[in-house]
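Following: one structure in structure tokens, then a few remarks.
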Amino acid sequence: MRTSTSGTLTATPLGDARIITVDDFQFTPLPGRPDGRTTIATPVSPAAGATHVTLHVVRIAAGESFSPEASSEEENTAVVFRGVGTATVGSRARRVGRADAVYAPAGQVLTLAAGAEGLTVYVWRTPLAAGRRPGTDPEPFSSLWDETTQLRGFGGTGQIAPDTDRATMNFVFWPGNGSSQLCLHCGIQQPGQTFNVHLHPESDEAFFAFEGVGQMYLRDRWIDVAAGDVLYAAPGVLHGARNPHTGPDARRFVTCGGPSPYDPALYSAAGLPSDVR
32 MRTSTSGTLT ATPLGDARII TVDDFQFTPL PGRPDGRTTI ATPVSPAAGA
82 THVTLHVVRI AAGESFSPEA SSEEENTAVV FRGVGTATVG SRARRVGRAD
132 AVYAPAGQVL TLAAGAEGLT VYVWRTPLAA GRRPGTDPEP FSSLWDETTQ
182 LRGFGGTGQI APDTDRATMN FVFWPGNGSS QLCLHCGIQQ PGQTFNVHLH
232 PESDEAFFAF EGVGQMYLRD RWIDVAAGDV LYAAPGVLHG ARNPHTGPDA
282 RRFVTCGGPS PYDPALYSAA GLPSDVR
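Its first residue numbered 32, the sequence shown is counted upward by one per residue in the numbering used here.
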């Protein structure tokens with residue numbers, strides 16, 4: 032286990048908030064795969080106390096594939112953490128590698144197939160809330176590095192005094208490109224930068240450290256994390272991300288994930304509408 036800046040253990044009870052380190056993941060073979068080459072861990076789920084969202088980490092063996100159970104009422108989003116392969120959403124397919132992202136609206140099957148080196152992906156799943164419907168022309172493929180639509184200078188939601196050196200967030204999948212509920216954002220914390228502490232009144236937050244080392248805020252403290260570690264915060268729980276490292280050897284710290292259902296306040300802070308395209 033890693034320790035927080037106050038020296039206490041990071042492990043917290045399952046329920047309203049938790050940071051799950053890579054060492055905590057419990058991988059098991061996919062059902063129906065007797066050789067156990069493709070394995071799955073589920074650090075966030077309703078069974079573990081989440082309200083709206085499930086997050087899988089799937090290690091797909093070379094030549095094998097993975098598809099979440101298809102549902103007309105469930106959206107899926109995936110981010111490639113390691114390896115190269117092919118992603119298919121409905122009838123559309125694309126070659127994918129590290130930092131590529133895939134969105135499957137409700138009613139469309141998501142399939143991830145690994146190439147010769149295997150594929151590690153983080154997959155979010157959520158049932159649509161009442162009244163939510165798929166967008167008219169949702170974008171199924173993107174990248175964490177897509178800078179088309181961004182939130183800059185976010186000051187948080189007022190519970191904690193904000194830092195002045197503020198990180199930038201890329202809106203990868205969001206209502207403006209057709210995501211009706213399960214959105215994906217990418218926080219780019221350059222050395223010394225913070226994505227300020229905030230909460231979502233009605234949304235689960237599930238995100239992970241994609242690149243580098245940094246800190247995540249959870250409840251009332253900053254906690255050291257590294258690439259692959261996951262944060263879960265229930266509605267109303269304070270969270271954030273920062274890169275406390277500075278100096279000539281410091282590198283950026285990248286996080287990705289998002290609230291489910293999406294929180295219109297983030298788009299309002301960027302001066303954007305939250306209507307689903």
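For every residue, glycine included, the Cβ atom is placed at its ideal position computed from N, Cα and C.
Reduced DSSP secondary structure (H/G/I, E/B, other) of residue i
i, result
"GLY278", "coil"
"ALA81", "coil"
"VAL110", "strand"
"VAL256", "strand"
"LEU150", "strand"
"LEU175", "coil"
"LEU297", "helix"
"ASP66", "coil"
"ASP47", "coil"
"GLY207", "helix"
Cβ pair residue i, residue j closer than 8 Å
i, j, result
"TRP176", "THR108", "no"
"LEU143", "SER174", "no"
"THR82", "PRO232", "no"
"ALA264", "ALA78", "no"
"ALA257", "ALA281", "no"
"ALA147", "ALA93", "yes"
"ALA124", "ALA132", "no"
"ASP260", "ILE50", "yes"
Pick from the options that is closest to residue i, judged by C-alpha positions
i, options, result
"LEU182", "PRO222, GLN246, ASP260, ASN227", "ASN227"
"ASN201", "VAL285, ASP54, GLY67", "VAL285"
"TRP253", "THR73, HIS270, ALA265, ASP194", "HIS270"
"THR167", "TYR293, ILE91, GLY209, LEU303", "GLY209"
"THR52", "TYR293, VAL307, ALA300, GLY245", "GLY245"
"SER234", "ASP194, ALA145, PRO292", "PRO292"
"ALA301", "ARG250, TYR153, GLY184", "GLY184"
"VAL114", "ALA145, PRO193, ALA137, GLY138", "A small fix is needed here, since residue 114 is Gly in this sequence, not Val. When each option's Cα is compared against that of GLY114, the closest is ALA145."
Close Cβ partners of residue i (< 6 Å) along its chain, the five nearest in sequence each way excluded
i, result
"PRO158", "GLU104, GLU105"
"ILE71", "LEU61, HIS87, VAL89"
"SER305", "PRO206, PRO295, TYR298"
"CYS217", "LEU175, ASN201, VAL203, CYS287"
"LEU150", "ILE91, GLY114, GLY116"
Close beta carbons around residue i, own chain, < 7 Å, minus the five adjacent residues each side
i, result
"ARG164", "SER211"
"PRO44", "Because the pLDDT at PRO44 is just 41, under 50, the model does not fix this residue reliably, and the value given afterwards should be weighed accordingly. Excluding residues within five positions, none has a Cβ falling inside 7 Å."
"VAL140", "SER98, ALA101, GLY121"
"ASP196", "GLY223, GLN224, THR225"
"PHE56", "ALA72, PRO74, VAL88"
"GLU178", "ASN201"
"PHE238", "LEU262, THR286, CYS287, GLY288, GLY289"
"ALA160", "GLN212, PRO292"
"ALA130", "VAL111, SER174, LEU175, TRP176"
Same chain only: Cβ atoms within 8 Å of residue i, ignoring 5 sequence neighbours per side
i, result
"ILE283", "Note on residue identity: the sequence assigns Arg, not Ile, to residue 283. If we look at ARG283 and ignore the five residues flanking it on each side, its Cβ neighbours are ILE219, GLN220, GLN221, PRO222, GLU242, GLY243, ASN274."
Identity of the residues DSSP links to residue i by a beta bridge
i, result
"HIS231", "Its beta-bridge partners do not exist; DSSP assigns none."
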